[in-house]
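Novice: In UniProt numbering, the protein residues as written are 1 to 429. All C-beta atoms in this analysis are idealised placements derived from N, C-alpha and C, irrespective of residue type, glycine included.
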C-alpha cells in the first residue's frame, strides 16, 4: 500500500472515532428529563442504638403555683409597714399595722360593762350564809318586839290622854313611834325574805343573756385588734405591696382595689398551656416537660405535667384543653408572667434501634428500608416501627443495630424511589 493510501485510511479512522464520540454525546444530552430526575444515588449508613423521643410544643405564661391576695378585714389607717416588694416572708409574718386607738377605747368600755353585768349576776345568784340568815332573823324579831312595845306604850298613853294625864302632842308622838316600828318590821321582814328566797329563773336568764352579748362584742373587738396587725397567710415572696403609711384601708369591697398585698409561693411555678384536642390522648399526668423562657433562653428548666383539664375551650373553632406543667424554682429565678415555650415529652426510649427518617420507605401502611443484596443492589426489607419524630424513627423488628442500610440521597423522603436499580454509591459513616 502506498504511503498516500495509508494516510487516507488513518484519516478515515480518526473521522470515525470523532463521529462515534459525537454520537454518544448526542445520546447523553438527549436522555429524557424524567429519567434524569428519577436517577437515585445512595450512601450506606449503619443502624444505631440511641435515645429517641417525641414531644408536643406549646406556649404559655408562667404563674406561681400558690398566690395569696391579702385583704384587710377592718377599715383603719396604716401606721406601719414591715416589708417591701421582693422580700421573703414566712407564714404569719407581719406585713403592716393599722391604727388601733379607737378599738382600744371600745375594748375598755366593753370590758367595764362586762364586769358590771357579771357582778349583778353574781349578786343575784349569791346564797346567804348562815350568819346572815341568823342576823336577819334576829333583826326581824327585834323589830317585832320593838313594835309590840310601841303598841303597848300607845295604849297606855291613850288612857292617860282620856283622863287628862297626857297631852295631845305626847299621844301623837306615841302613834308616830308605832308607825316607825311597823316600817322597821316590814324592812327587816323583806330582808329576811330576800335572803331565804331563791332568784327567779327568768331574772337569771336575762342577766346571763346580757353577759353573753357583751362577751360577743368584746370578742369582736379583740378580733379586730388582732387583725389590725395584717399578716402573710402563706410563706412566699412579696410581689406587690399596694399600701403605704397613712393610707385608709377600705373594707367591704370585692374589687382588686381592696387587695393590700400579694404573696406568691415561688418555690414551684406553673405554666398553663392549651393542648389541641387531637394531642390530648397523648398527654398523661407525670410526663416530663422542657421549659424554655424568653427571658432565659440559655437556661432550660425541667417540668412535669401535673393535670389536664376536662373542660375544653373553643377558640376560632379550635378545641383545646388546659394542661398544667409544674416547674421547680428553688432559687426564685423564674418570675410570674414570663413567656414560656413548653415541650412535653410524650414518648421516650433509651437504647432503641433507630434510623434516620429519610431512610424509611412507607407504602400501603407498611415500613421498609433498603439493604444491599449479594450483588450490591438495594432491595427492600420490611420493618416494624416504633417511636417516630421529625428526624428519626425507632425500628422494633426487621433490622438490628450495626447493619448497613441505604439512605437515598435524591429520593422523596418516606416514598419509594422510582428507580431501584444500580449499585450503592458513597460510603458508610
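From residue 385 to residue 357, what does the alpha carbon distance come to, in whole angstroms?
Specialist: So the two alpha carbons sit approximately 11 angstroms from each other.
Novice: Excluding five sequence neighbours on each side, which residues of the same chain lie with their C-beta closer than 6 angstroms to the C-beta of residue 57?
Specialist: 343
Novice: Just the C-alpha distance for residue 35 and residue 379, rounded to the nearest angstrom, thanks.
Specialist: Because residue 35 carries a pLDDT of 45, less than 50, the predicted location of this residue cannot be relied on, and the following value inherits that uncertainty. Their backbone Cα atoms lie some 20 angstroms apart in a straight line.
Novice: With residue 342 as the anchor, note down where its beta strand (DSSP E) starts and where it stops.
Specialist: 339–356
Novice: Do you know how far the Cα of residue 266 is from the Cα of residue 351?
Specialist: When rounded, the separation of the alpha-carbon atoms in residue 351 and residue 266 is 37 angstroms.
Novice: Tell me the rounded alpha-carbon separation between residue 63 and residue 288.
Specialist: 18 angstroms
Novice: Mind the definition here: the region 189–200 touches the region 157–177 only if three or more C-beta pairs lie below 8 angstroms; say whether that holds.
Specialist: no
Novice: In terms of alpha-carbon separation, which member of 70, 122, 372, 271 lies closest to residue 405?
Specialist: 372
Novice: How is residue 125 classed by DSSP in three states: helix, strand or coil?
Specialist: helix
Novice: Going by DSSP, name the residue or residues bridged to residue 326.
Specialist: DSSP lists 270, 304 as partners of residue 326.
Novice: Is the separation between the beta-carbon of residue 143 and that of residue 191 shorter than 8 angstroms?
Specialist: no
Novice: Would you grab the beta carbon distance between residue 293 and residue 41 for me? Rounded to a whole angstrom, and I think it's under 8 angstroms.
Specialist: Actually they do not touch by this definition, with Cβ atoms about 44 angstroms apart.
Novice: Rounded to the nearest angstrom, what separates residue 296 and residue 236 at their Cα positions?
Specialist: C-alpha separation (whole angstroms): 22 angstroms.
Novice: Please report the distance separating the alpha-carbon of residue 383 from that of residue 375.
Specialist: The alpha-carbon separation between residue 383 and residue 375 amounts to approximately 22 angstroms.
Novice: Rounded to whole angstroms, how far is the Cβ of residue 339 from the Cβ of residue 59, which I believe are closer than 8 angstroms?
Specialist: 7 angstroms
Novice: Per DSSP, residue 336 is paired with what?
Specialist: In DSSP, residue 336 forms no bridge with anything.
Novice: Considering only residues of the same chain and omitting the five flanking positions on each side of residue 51, which have a CB-CB separation below 8 angstroms?
Specialist: Closer than 8 angstroms at Cβ, skipping near neighbours: 348, 349, 350, 351, 352.
Novice: Report all residues from its chain with a CB closer than 6 angstroms to the CB of residue 133; omit the five preceding and five following residues, and keep chain order.
Specialist: 195
Novice: For the ligand COA, any of its heavy atoms closer than 7 angstroms to the Cβ of residue 126?
Specialist: For the ligand COA, the structure offers nothing, since it holds no ligand at all.
Novice: Can the beta-carbon of residue 178 be found less than 8 angstroms from the beta-carbon of residue 154?
Specialist: yes
Novice: Could you check what DSSP says for residue 368 in three-state terms: helix, strand or coil?
Specialist: Strand.
Novice: Grouping DSSP H, G and I as helix and E and B as strand, with all else coil, what is residue 139?
Specialist: helix
Novice: On the DSSP bridge list, what partners appear for residue 397?
Specialist: 384
Novice: Assign residue 409 to one of three DSSP states: helix, strand, or coil.
Specialist: coil
Novice: Under the rule that 16 or more other beta-carbon atoms within 10 Å means buried, what is residue 145, buried or exposed?
Specialist: exposed
Novice: DSSP state of residue 204, grouped into three classes?
Specialist: The DSSP-derived three-state label of residue 204 is helix.
Novice: Could you tell me the distance, in whole angstroms, from the CA atom of residue 400 to the CA atom of residue 366?
Specialist: 18 angstroms
Novice: Output the distance between the C-alpha atoms of residue 312 and residue 281, rounded to the nearest integer angstrom.
Specialist: 13 angstroms
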